[in-house]
Every structure is written in C-alpha cells, then in structure tokens.
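Participant: In our numbering, the protein residues as written are 38 to 195.
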Amino acid sequence: MNGVIETQDLSKHYGPVIAVDGLTLTLSKGEVFGLLGPNGSGKTTTILMLLGLTEPTSGTVRVLGYDPARNPLQVKRRAGYLPDSVGFYDDLTARENLRYTARLNGLTRAEADARIIDVLARVGLTSVANRQAGAFSRGMRQRLGLAEVLLKQRSSWA
Ligand SMILES: Nc1ncnc2c1ncn2[C@@H]1O[C@H](COP(=O)(O)OP(=O)(O)O)[C@@H](O)[C@H]1O
Ligand SMILES: [Mg+2]
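1. If you count every other CB in all the chains shown that lies within 10 Å of the CB of N134, and 16 or more means buried, which is it?
2. For A147, count neighbouring C-beta atoms within 10 Å of its own C-beta (all shown protein chains included) and say buried if the count is 16 or more, exposed if not.
3. To which residues does DSSP link E43 through a beta bridge?
4. Return yes when the Cβ of V98 is within less than 7 Å of the Cβ of L64, no when it is not.
5. Measuring CB to CB, does V54 end up less than 7 Å from S48?
6. Report the three-state DSSP secondary structure of A172 (helix, strand or coil).
7. CB-CB under 7 Å to D127, same chain, minus the five flanking residues each way: which ones, in chain order?
8. Are there 16 or more other CB atoms within 10 angstroms of the CB of K66, so buried, or fewer, so exposed?
9. Classify A131 as helix, strand or coil using the three-state DSSP reduction.
10. Whole angstroms is fine: what's the gap from V31's alpha carbon to L141's?
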C-alpha cells in the first residue's frame, strides 16, 4: 500500500445501472489528478466511494491505507472534499463558519482561531473575514470552502 488513494477493480451498480466499472487507480503523495468524463460516467460515485459515503458493489478502496467503508471516520478526519456548492450558515461570518467547522473537527478555540487566520490569508479572504457568508459571491464561497478544507491540515488526527 504505497498510494494515498488506491482502488482495485472498483465497481458500483445501482440495480441494472453500472455507475463505475472496474476502476483501478493509484495516486501518490503530491500528485494532482483530474477525473474527467461526461455526465453520468461515474465521477461522483467514485468520489463518494473514496469518502465512504457509498459502498462499492465490488472491488477495494484504500485512502491513506484505510478502507472508507469500514473505517469511515478515519478517512473523513483526513480527507478534504470541496463540492460544487458548499453549504454555509449565511447569517454567520466567514470566520464564524470556520470556527464552527473547526469545533466539529475537534480543534480547541485557540487552535481554531490561529488556524483560521492562516487559512483565510491563504485563500485571500482576510479582509472579509467578518462579513456574513450570505453576502459572499460564488467565488468567495468557493474560497471559503477551500479554507474549510485546509483547516483540517495539521488538525487533531486521531
Ligand atoms: N443514487 C443513485 N441511484 C441510482 N443511480 C445512480 C445514483 N447515483 C448515480 N447513479 C447513476 O450512476 C451513473 C453515474 O452517475 P455519477 O457518478 O453521478 O456520474 P458523474 O458524476 O460522472 O456525472 C449514472 O448513470 C447515474 O444515473
Ligand atoms: Mg457528478
């Protein structure tokens, strides 16, 4: 097990529909990988299986050595996932939204506040940190979503 993400002959069937058909993939540390394909070709289903949000019909998945179907929490603690549209509390500020996520990830308030300053700077949202997320443009929401994913780095891995 050398890859950060490894799949072996991974398949997912929804009744008669074969959403993913025998995918074998190894992604290494530091690798950037684009999963491209037309609508309905199984990209989302693949991601959901990597995250442990849906179970494979057959084949194996390992994320950082863990099987997401059997150890979903180990994977969810470590993996970041930025979907197309991120759900935020619109009446909370950017900083307050990140504080909430940080708490769910088990960071102390002091850890959280330091990490939040860092990630807001990294995504270029420092100047609007105290503005409500509901007033953010789509691009700003995506940046805030990225900040949320980056919060996990160096957070308390069990
Ligand atoms: N929950 C589901 N129930 C039934 N069929 C599904 C479900 N999710 C996806 N599918 C089917 O699986 C195939 C792959 O879908 P999906 O993974 O969403 O593709 P992509 O993300 O590449 O557009 C499609 O035929 C889709 O209709
Ligand atoms: Mg999709």
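For each residue, glycine too, the CB sits at the ideal point set by N, CA and C.
Facilitator: Well, looking at it:
1. buried
2. exposed
3. T63 and R99
4. no
5. no
6. helix
7. Q169, A170 and G171
8. exposed
9. helix
10. As displayed, the chain neither begins before 38 nor continues past 195, which places residue 31 out of reach and without an answer.
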